Amino acid sequence: MPKAIKQDQKLRHDPLHMELAQEGGVLRSQTKSKAGRAKKVGEDSEDKAEGFVGASLSRKILQIAKEQQDEIEQEENQGSARNRSSANFGFDDEDITGRFGNDDEESDDEDYEDYEEIEEIEIDPEEDALFNKYIAPVDGEENEDGTVVLNLADRIMEKIREKEMMEAAANGKMSNSRGDDSGEPEGVMLPPKVIEVYTRVGELLARYRSGKLPKAFKIIPSLRNWQDILYVTNPAAWSTQAVYEATKLFVSNLKANQSQKFITNILLERFRDDIQANKTLNYHVYRALKKALYKPAAFFKGFLFPLCESGTCTLKEAVIAGSILSKVSVPALHSAAALLRLADMEYSGPNSLFIKILLDKKYALPYKVVDGVVFHFIQFRAVESQLPVVWHQSLLVFAQRYKNDITEDQRDSIMAVLKIHNHSSITPEIRRELLSGATRQLATGQMDLN
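For the sequence shown, the UniProt record's numbering gives the first residue as 1, with consecutive numbering after it.
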């Protein structure tokens with residue numbers, strides 16, 4: 001048989017049959033926690049059985065009883081009136097109560113359920129003033145301080161009138177900025193607030209060195225009357241850094257014809273004044289002119305042509321402007337058009353310099369432009385005075401670059417001019433270039449220069 005296992009652990013209680021025999025055992029129907037909860041529930045049930053009511057519930061009961069008592073008293077006060085009206089129409093109180101009483105009670109209950117106490121809110125004085133500023137019950141009503149209140153519609157109409165004034169100024173109806181024969185002083189008709197703002201902007205631009213431009217200045221190119229507003233900022237007092245930043249802003253945002261006006265009125269005047277005052281051109285103005293070539297048509301029509309047509313362009317101004325023209329790439333068609341326009345102008349030293357620079361770009365020119373340049377040079381057969389060296393240099397560049405694009409008759413005409421206007425070192429080079437070139441054949445309808 002297997003060995004019996006010894007039980008080392010002691011029993012926590014005697015076996016059940018022994019406890020039943022001794023009648024000393026205690027049987028628990030539930031645990032302590034359950035017994036505690038049962039005791040609490042028992043106490044609550046006893047309280048309910050004895051009729052105890054809590055304080056909050058007592059207040060609600062008293063309030064409901066008071067409301068019901070008030071309703072009863074109100075109905076009793078109105079009872080006599082209802083009895084008289086019902087007697088006249090042949091209805092009893094019971095019928096009226098039976099038909100309509102339940103609905104009235106239900107509606108009263110709903111009214112009391114929806115009723116809530118309204119909390120009084122204090123209005124901030126600043127918010128009240130802002131409300132009264134834009135919202136008025138009657139147009140033209142006066143406040144306590146005697147000021148007239150304008151509603152929101154009046155404010156909108158005021159802004160519309162200001163907008164109309166600005167548009168009228170842009171169309172020249174209300175603007176005297178260009179001056180006239182009536183002798184009236186120059187100026188612009190703009191709203192006072194606009195003039196005040198852009199006068200301050202002009203003061204900032206006069207001290208500008210670096211950083212961001214004022215936002216009010218950046219929106220000028222998008223305005224219809226941008227010239228009048230720009231006049232208010234006093235461009236003559238701008239710093240050179242401001243001139244550069246303004247040139248980038250206006251040339252990149254305006255159309256070519258509008259950029260031309262900016263270049264003529266701002267850059268050209270600043271260019272000539274700076275050279276006259278300092279005998280040289282400021283670096284920032286020089287950079288501004290290079291940026292202006294971003295719109296070649298505007299640069300030529302607004303800067304180069306007016307400078308040449310003025311008749312007062314000095315050689316220093318021509319050299320500085322020519323250096324800008326030589327450093328910046330110009331589209332071939334714009335260069336050809338500018339070359340033809342310069343060739344048709346009345347001769348001057350600066351014209352020859354600009355012609356030389358444009359010819360030296362080596363663009364493929366249309367025959368019409370080549371013929372125009374040839375005619376420009378052969379017209380000097382009638383001139384007996386000595387021509388400057390720059391004229392001979394420009395003719396040499398033309399012979400070097402376009403000797404194969406001229407006709408034989410045009411070459412002979414230029415050779416005849418060289419017999420009249422001779423330069424000891426340049427003229428032999430011109431003859432050698434012309435004779436070494438292969439002339440083009442004269443097409444039908446080609447102009448005869450002889």
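Don't be surprised by glycine CBs; every beta carbon is placed ideally from N, CA and C.
Note that the coordinates shown come from a computational prediction; the quantities given were computed from them, not determined experimentally.
Residue burial classification, Asp-181 (beta-carbon count within 10 angstroms, cutoff 16): Taking the sequence shown and counting its residues from 1, the one referred to as residue 181 is at position 181. Low per-residue confidence applies at Asp-181: pLDDT is 43, beneath 50, and the placement is therefore not dependable, though the value from the model is reported in the following sentence. Asp-181 comes out exposed.
In chain order, what residues of the same chain lie with their CB nearer than 7 Å to the CB of Val-369, ignoring the 5 residues before and after it? Looking up residue 369 in the sequence shown gives position 369. Closer than 7 Å at the Cβ level, and outside the excluded window around Val-369, lie Ala-336, Leu-339 and Leu-340.
As assigned by DSSP and simplified to three states, the class of Lys-212: Numbered from its first residue, the sequence shown carries residue 212 at position 212. Three-state DSSP puts Lys-212 in coil, outside helix and strand.
Compute the Euclidean distance between the alpha carbons of Pro-306 and Asn-404, then round it to the nearest angstrom. Along the sequence shown, one-based indexing puts residue 306 at 306. Along the sequence shown, one-based indexing puts residue 404 at 404. In a straight line, the C-alpha of Pro-306 is about 33 Å away from that of Asn-404.
For Ile-414 and Leu-434, believed in contact at Cβ under 8 Å, the rounded distance: Along the sequence shown, read from residue 1 onward, the residue named residue 434 stands at position 434. Along the sequence shown, read from residue 1 onward, the residue named residue 414 stands at position 414. The pair is a contact, with the Cβ atoms about 6 Å apart (cut-off 8 Å).
Pairwise C-alpha distance: Leu-418 and Leu-213: In the sequence shown, counting from the first residue as 1, residue 213 sits at position 213. In the sequence shown, counting from the first residue as 1, residue 418 sits at position 418. Between the alpha carbons of Leu-213 and Leu-418 lies a gap of roughly 56 Å.
CB contact flag (Ala-416, Ala-364, <8 Å): The sequence position of residue 416 within the sequence shown is 416, counting from 1. The sequence position of residue 364 within the sequence shown is 364, counting from 1. Not a contact, by the Cβ cut-off of 8 Å.
Nearest to Asn-265 by CA position, among Ser-239, Ala-297 and Leu-230, is which residue? Start at 1 with the first residue of the sequence shown, and residue 265 comes out as number 265. Of the listed residues, the one whose Cα sits closest to Asn-265 is Leu-230.
CA-CA distance, Leu-204 and Thr-233? Locating residue 204 in the sequence shown gives position 204, counting from the first residue. Locating residue 233 in the sequence shown gives position 233, counting from the first residue. For Leu-204 and Thr-233, the distance between alpha carbons rounds to 9 Å.
Our contact map puts Ala-292 next to Val-251 with C-beta atoms below 8 Å; I'd like the distance itself, whole angstroms only. In the sequence shown, counting from the first residue as 1, residue 292 sits at position 292. In the sequence shown, counting from the first residue as 1, residue 251 sits at position 251. Taking 8 Å as the upper bound for CB-CB distance, Ala-292 and Val-251 are in contact here, some 6 Å apart.
Rounded Cβ spacing between Ile-355 and Ala-343 (contact assumed at less than 8 Å): If you number the sequence shown from 1, residue 355 lands on position 355. If you number the sequence shown from 1, residue 343 lands on position 343. Their Cβ separation, rounded to whole angstroms, is 7 Å, which keeps Ile-355 and Ala-343 in contact under 8 Å.
Where Ala-246 and Leu-289 are concerned, what is the direct C-alpha to C-alpha distance, given to the nearest angstrom? Indexing the sequence shown from 1 puts residue 246 at position 246. Indexing the sequence shown from 1 puts residue 289 at position 289. For Ala-246 and Leu-289, the distance between alpha carbons rounds to 11 Å.
Under a three-way DSSP split, which group does Met-345 fall into? By one-based count along the sequence shown, residue 345 stands at place 345. Three-state DSSP puts Met-345 in coil, outside helix and strand.
Look at Phe-303 and Leu-254 and say whether their C-beta atoms are less than 8 Å apart. As a first step, residue 303 must be located in the sequence shown, where it is residue number 303. As a first step, residue 254 must be located in the sequence shown, where it is residue number 254. Cβ atoms of Phe-303 and Leu-254: not closer than 8 Å.
Ignore the nearest five residues each way along the sequence and tell me which others in His-376's own chain have a CB closer than 7 Å to its CB. Counting from 1 along the sequence shown, the entry for residue 376 is found at position 376. Cβ within range, chain order: Ala-343.
Would the beta-carbon of Ala-256 fall within 8 Å of that of Gly-202? Counted from its first residue, the sequence shown places residue 256 at position 256. Counted from its first residue, the sequence shown places residue 202 at position 202. No, the pair does not count as a contact, with Cβ atoms beyond the cut-off.
Taking only the alpha-carbon atoms, compute the straight-line gap between Asp-70 and Ile-64 and give it to the nearest angstrom. Translated into the one-based positions of the sequence shown, residue 70 becomes position 70. Translated into the one-based positions of the sequence shown, residue 64 becomes position 64. One C-alpha to the other measures close to 10 Å.
Through-space distance from Glu-384 to Ser-352, alpha-carbon basis: Your numbering for residue 352 matches position 352 in the sequence shown. Your numbering for residue 384 matches position 384 in the sequence shown. Taking the straight line joining both Cα atoms gives about 18 Å.
Taking a contact to mean a Cβ-Cβ separation below 8 Å, would you say Ile-275 touches Glu-309 in this structure? Here the question's residue 275 lines up with position 275 in the sequence shown. Here the question's residue 309 lines up with position 309 in the sequence shown. Not in contact: Ile-275 and Glu-309 (Cβ atoms no closer than 8 Å).
For Pro-191, three-class secondary structure by DSSP: Here residue 191 refers to the residue found at position 191 of the sequence shown. Looking at Pro-191 - three-state DSSP - the assignment turns out to be coil, as it is neither helix nor strand.
Rounded Cβ spacing between Tyr-244 and Arg-287 (contact assumed at less than 8 Å): Within the sequence shown, the letter at position 244 stands for residue 244. Within the sequence shown, the letter at position 287 stands for residue 287. That pair is a contact at about 5 Å.
Quick one: residues in its chain with C-beta nearer than 7 Å to the C-beta of Val-328, no 5 flanking neighbours on either side, listed in chain order? Here residue 328 corresponds to residue number 328 of the sequence shown, with the count starting at 1. These residues qualify, in order along the chain: Lys-290 and Leu-293.
Specify the secondary structure class of Arg-207 as computed by DSSP and reduced to three states. Looking up residue 207 in the sequence shown gives position 207. The answer is coil: DSSP assigns Arg-207 none of H, G, I, E or B.
Taking just the CA atoms, how far does Asn-77 sit from Lys-66? The residue labelled residue 66 in the question sits at position 66 within the sequence shown. The residue labelled residue 77 in the question sits at position 77 within the sequence shown. Distance between the alpha carbons of Lys-66 and Asn-77 is about 17 Å.
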